[in-house]
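Only one structure is covered here, and it is reproduced in the block below.
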Amino acid sequence: MKKILTIFFISALTFKSYAQQETQWFSKATHVVELQLKKAASTYSPGKNPRSVNPDGTVRLA
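Offset between the sequence shown (1-based) and the numbering used here: plus 188.
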């Protein structure tokens, strides 16, 4: 009986762990990148050497 309950509990956790795919996941992901790039463009000053964009949207310099 204990073995059956353990198997049931593990299978219930396993099936619950799968995330439901959201229908708007791609547009939300691209929206975040778009906001970061807009902020990076507004904070960039010419003459410096940009390397990448920080998560908050500011430009990381060399």
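Glycine included, every Cβ here is placed at the ideal spot set by N, Cα and C.
It is roughly 12 Å from the alpha-carbon of THR211 to the alpha-carbon of ALA217.
Here VAL241 is near LEU225, since their CB atoms are less than 8 Å apart.
In this structure, ALA229 lies away from THR246, with their beta-carbon atoms at least 8 Å apart. The C-alpha of THR231 is placed about 18 Å away from the C-alpha of HIS219.
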